[in-house]
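Q:
2 protein chains.
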Amino acid sequence: LTGASPIPARPLRVAEDGWSLEILDQTRLPHEVVVVRLTTLDDVVEAIAVMRVRGAPLLGITAAYGLALALRADPSDHGLRRAAKALVAARPTAVNLPRAVEVVSAAVADLPSDARAAAAYAAAGALAEEEVTACRAIGDHGLRLLLELAAGRPPGQPVRVLTHCNTGWLATLEYGTALAPVYRAAEENVPVHVWVDETRPRNQGWLTAWELHARGVPHTLIPDSAAAHLLQRGEVDVVLVGTDRTTRRGDVCNKIGTYPLALAARAARVPFYAAVPSSSVDWSRRSWRRIPIEERSPAEVRRVRGRLEDGMIADVHPGRPETEVRNPAFDVTPARLVTGLLTERGVCAASAAGLEGLFPERRR
Amino acid sequence: LTGASPIPARPLRVAEDGWSLEILDQTRLPHEVVVVRLTTLDDVVEAIAVMRVRGAPLLGITAAYGLALALRADPSDHGLRRAAKALVAARPTAVNLPRAVEVVSAAVADLPSDARAAAAYAAAGALAEEEVTACRAIGDHGLRLLLELAAGRPPGQPVRVLTHCNTGWLATLEYGTALAPVYRAAEENVPVHVWVDETRPRNQGWLTAWELHARGVPHTLIPDSAAAHLLQRGEVDVVLVGTDRTTRRGDVCNKIGTYPLALAARAARVPFYAAVPSSSVDWSRRSWRRIPIEERSPAEVRRVRGRLEDGMIADVHPGRPETEVRNPAFDVTPARLVTGLLTERGVCAASAAGLEGLFPERRR
Chain D
587 LTGASPIPAR
597 PLRVAEDGWS
607 LEILDQTRLP
617 HEVVVVRLTT
627 LDDVVEAIAV
637 MRVRGAPLLG
647 ITAAYGLALA
657 LRADPSDHGL
667 RRAAKALVAA
677 RPTAVNLPRA
687 VEVVSAAVAD
697 LPSDARAAAA
707 YAAAGALAEE
717 EVTACRAIGD
727 HGLRLLLELA
737 AGRPPGQPVR
747 VLTHCNTGWL
757 ATLEYGTALA
767 PVYRAAEENV
777 PVHVWVDETR
787 PRNQGWLTAW
797 ELHARGVPHT
807 LIPDSAAAHL
817 LQRGEVDVVL
827 VGTDRTTRRG
837 DVCNKIGTYP
847 LALAARAARV
857 PFYAAVPSSS
867 VDWSRRSWRR
877 IPIEERSPAE
887 VRRVRGRLED
897 GMIADVHPGR
907 PETEVRNPAF
917 DVTPARLVTG
927 LLTERGVCAA
937 SAAGLEGLFP
947 ERRR
Chain C
587 LTGASPIPAR
597 PLRVAEDGWS
607 LEILDQTRLP
617 HEVVVVRLTT
627 LDDVVEAIAV
637 MRVRGAPLLG
647 ITAAYGLALA
657 LRADPSDHGL
667 RRAAKALVAA
677 RPTAVNLPRA
687 VEVVSAAVAD
697 LPSDARAAAA
707 YAAAGALAEE
717 EVTACRAIGD
727 HGLRLLLELA
737 AGRPPGQPVR
747 VLTHCNTGWL
757 ATLEYGTALA
767 PVYRAAEENV
777 PVHVWVDETR
787 PRNQGWLTAW
797 ELHARGVPHT
807 LIPDSAAAHL
817 LQRGEVDVVL
827 VGTDRTTRRG
837 DVCNKIGTYP
847 LALAARAARV
857 PFYAAVPSSS
867 VDWSRRSWRR
877 IPIEERSPAE
887 VRRVRGRLED
897 GMIADVHPGR
907 PETEVRNPAF
917 DVTPARLVTG
927 LLTERGVCAA
937 SAAGLEGLFP
947 ERRR
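Order-wise, the sequence lines are chains D and C.
Residue numbers 587 to 950, in the numbering used here, belong to the letters of the first sequence in order.
Residue numbers 587 to 950, in the numbering used here, belong to the letters of the second sequence in order.
1) Please list the terminal residues of the continuous beta strand (DSSP E) segment that includes residue 752 (chain D).
2) Compare the C-beta of residue 906 (chain C) with all C-beta atoms of chain D and state if any pair is closer than 8 Å.
3) Do residue 845 (chain C) and residue 918 (chain C) count as a contact pair if the criterion is CB distance below 8 Å?
4) Going along chain D, which residues have a C-beta under 8 Å from residue 809 (chain C)?
5) May I have the straight-line CA-CA distance separating residue 589 (chain C) from residue 620 (chain C), to the nearest angstrom?
6) Compare the beta carbon distance of residue 828 (chain C) and residue 751 (chain C) with 8 Å and say whether it is the shorter of the two.
7) Taking residue 840 (chain D) as the reference, which of D:610, D:753, D:773 and D:895 has the closest Cα?
8) Note down, in chain order, all residues in the region 840 to 870 of chain D with a beta-carbon under 7 Å from any beta-carbon belonging to chain C.
9) Between residue 668 (chain D) and residue 689 (chain D), what straight-line distance do the alpha-carbon atoms span, to the nearest angstrom?
10) My guess is that residue 864 (chain C) and residue 945 (chain C) are in contact by the Cβ rule of under 8 Å, so how many angstroms apart are they, rounded?
11) For residue 831 (chain C), is the classification buried or exposed, using 16 other Cβ atoms within 10 angstroms of its Cβ as the cut-off for buried?
12) For residue 626 (chain D), count the other beta carbons within 10 Å of its own beta carbon; 16 or more makes it buried, fewer makes it exposed. Which is it?
13) For the region 729 to 743 of chain C against the region 660 to 674 of chain C, do three or more pairs of beta-carbon atoms, one drawn from each stretch, fall closer than 8 Å, so that the two count as touching?
14) Assuming residue 759 (chain C) contacts residue 793 (chain C) under a Cβ cut-off of 8 Å, what Cβ separation, rounded to an integer in Å, is found between them?
15) So what does DSSP say about residue 700 (chain C), is it helix, strand or coil?
16) Could you name the residues of chain C that residue 616 (chain D) contacts, counting a contact when the two beta carbons are closer than 8 Å?
17) Within its chain, find whatever has a CB closer than 7 Å to the CB of residue 854 (chain C); leave out the 5 residues flanking it on each side and keep chain order.
18) How about residue 824 (chain D) and residue 768 (chain D): are their beta carbons less than 8 Å apart?
19) Quick one: is residue 643 (chain C) buried, meaning 16 or more other Cβ sit within 10 Å of its Cβ, or exposed?
20) Starting from residue 820 (chain D), find everything on chain C with Cβ-Cβ shorter than 8 Å and list it in chain order.
21) To the nearest angstrom, how far is it from the Cα of residue 861 (chain C) to the Cα of residue 656 (chain D)?
22) Does DSSP put residue 932 (chain C) in a helix, in a strand, or in coil?
23) According to DSSP, is residue 724 (chain C) part of a helix, a strand, or is it coil?
24) Please list, in chain order, the chain C residues whose beta carbon lies closer than 9 Å to that of residue 815 (chain D).
25) Any beta-carbon of chain C closer than 8 Å to the one on residue 755 (chain D)?
26) So with Cβ pairs under 8 Å, would you call residue 642 (chain D) a contact of chain C?
27) What would DSSP say about residue 821 (chain C), mapped onto helix, strand or coil?
28) For residue 709 (chain C), which option in C:804, C:807, C:691 and C:721 has the closest C-alpha, if you only look at C-alpha atoms?
29) Would you say residue 592 (chain D) and residue 787 (chain C) are within 8 Å of each other, going by their C-beta atoms?
30) Considering just the uninterrupted stretch of the beta strand (DSSP E) at residue 683 (chain D), what are its terminal residues?
31) Using a cut-off of 8 Å between C-beta atoms, extract the partners of residue 764 (chain D) located in chain C.
32) Check residue 796 (chain C) in the structure and name its three-state DSSP category.
33) If you run the structure through DSSP and keep just helix, strand and coil, what is residue 664 (chain C)?
34) How is the beta strand (DSSP E) around residue 859 (chain C) delimited, first residue to last?
35) Taking the beta carbon of residue 949 (chain C) as the centre, do at least 16 other beta carbons fall within 10 Å, making it buried, or is it exposed?
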């Protein structure tokens, strides 16, 4: 089921049938608003792998519902293991994905098979609402940061935020992570301007520009490589990014291009914050060196999708299609470059002590 | 005069008529090899402004010939001033352009008007050959650097060079600047592999990949934002870039994205060299802060040109075409991040003392 649609309130929901999933197909954005219905485990795995849904929190929520959907078809132990494995393998880097699968699996493991699907939908729903609550809280804590920065700006001048990739409601369900403070600022009439990194090769910056435009937040898109220049020239007040996996020591794994941004922010003495819902913390991991960094298809770099003059959507090859390409999807910003982590419980230092201060139940 | 052509030996030459210019139209590369004939000052200014010719050394040479061509039509003092002004204004950042215009102007200023055009062509030709000689020398000095690095690599493993933008024969006349050592290494059978930054928004990385492919040099194209990750992971032995203007203190102004590359190289303790023919040194400038940084059209970011599946060349918009865009074309890497400058007289420290050691005639 596919068709041109009005913009839905959330990028994922359970359909009116009570079990299938409706997602906003993000591979068609910002050109077309298309809602796609997912009815099988394979549908969900494909949607995750090709990035019809994307963003660490949304990946977790989608996997949770995917598991529920799979249990409806096969609630056996074998079915549970098979679905969990397929979902976790769909993308390797965001920790939200295995964590959500684990939470839902744990919620149903001890139940008789005929009770599993319903319990899984309930667990996925609870996870989704937790994520929304976390995003709202991140927005509130981040708003305080932006208000502090606003106090240092000339009267009437906006706080100048620089961001990378897409971390808005498209990447979560509502508000977003790194964009949540921006949306909260807009709600409170705190003037803010967002520098949006294009975010090659998938161009998620164009999704962010689309989101910000829809909400009326002033923004300017830049090539990724221009960010350091703007930082050097004093045109940025704060860098806000998301994360796909943050270690318990505060190392931030995020979309490729985040690490050079952190280096440039440090060189310019501009604060660099990662918005980290606790669902994105990998509490089991001390060192970042073994975080699996997804290598995606060279085709993502070799082809650029967009709208032609005549309105059609098409892919173009900017160069020889046979050119060898490397396409790592994430990088790691060591904790020493991170000014602070913006969590649903407040802002903390990017360190084990910082995170354990806010999440004492995770102390070991 | 436009048409599909074999690849010319140089990206610019004086046509067989002895006065008009034939250039390889770099806005059509790597898709089509098209040689365009320039017959008026306006043609030359347009070719420079829209980047049919590009690369600091080639900009200088083109401007020199452009002045000669203009003097053929109007050799008066007024004509000379007018042409010089138009050429210098065509692009603001590369110092080679005003320098070449100055050299040719000086060569003809005291001559009677009927002798000016011929003298200008001669001066432009001399400048072009100087540039070729400088590039060859940069290649030889750089080859020694690569040989030192090769000695530290496991047997048979290539030296891994990372580069940004296009600095090969397309950007000069022969060899190139930062790519000259790579081509010399290939000639000497020193194994080398080149990581090629895509170089948004104009995608000059695809020109570099095209050049390297034509010469059989192994290479892999990456998104600009992946360079820091590869540096962090120990997959790069040396960074080689060009320059559009280097101050007498060794600050390197180059294609946007060079500065974050230098930060990442420093963080990874990987040497970072700029290839700087002395024609790209701005001897009059101590501080980099007032180097004019060209801001180019937002359209360059909003549109991506490439080849469609059906073989046609087209532009696509990856997002809302009305999106506000900022497009600074250059950035500055402070001397402290530069391991060394690779000039036609050898390698020196990125400092006034370093440059004056190799160019004592410039001492003040």
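Every residue, glycine too, gets a C-beta built ideally from N, C-alpha and C.
A: Reading it off the structure:
1) No beta strand (DSSP E) holds residue 752 (chain D); DSSP gives it neither H nor E.
2) yes
3) yes
4) 786, 787, 810, 842, 843, 887 and 913
5) Per-residue confidence for residue 589 (chain C) stands at a pLDDT of 49, beneath the threshold of 50, marking its modelled position as unreliable; the derived number appears in the next sentence. Computed Cα separation, rounded: 6 Å.
6) yes
7) D:753
8) 842, 843, 845, 846, 849, 850 and 853
9) 16 Å
10) 6 Å
11) buried
12) exposed
13) no
14) With a Cβ gap of about 15 Å, residue 759 (chain C) and residue 793 (chain C) do not count as contacting.
15) helix
16) 905 and 906
17) 817 and 818
18) no
19) buried
20) Residues of chain C passing the Cβ test: none, with the nearest at roughly 11 Å.
21) 58 Å
22) strand
23) helix
24) 842, 843, 845, 846, 879, 914, 916, 917 and 918
25) no
26) no
27) coil
28) C:691
29) no
30) Careful: residue 683 (chain D) lies outside any beta strand (DSSP E), inside the alpha helix (DSSP H) at 682 to 694.
31) Those within 8 Å of residue 764 (chain D) in chain C number zero; the least Cβ separation is about 16 Å.
32) helix
33) helix
34) 858 to 861
35) exposed
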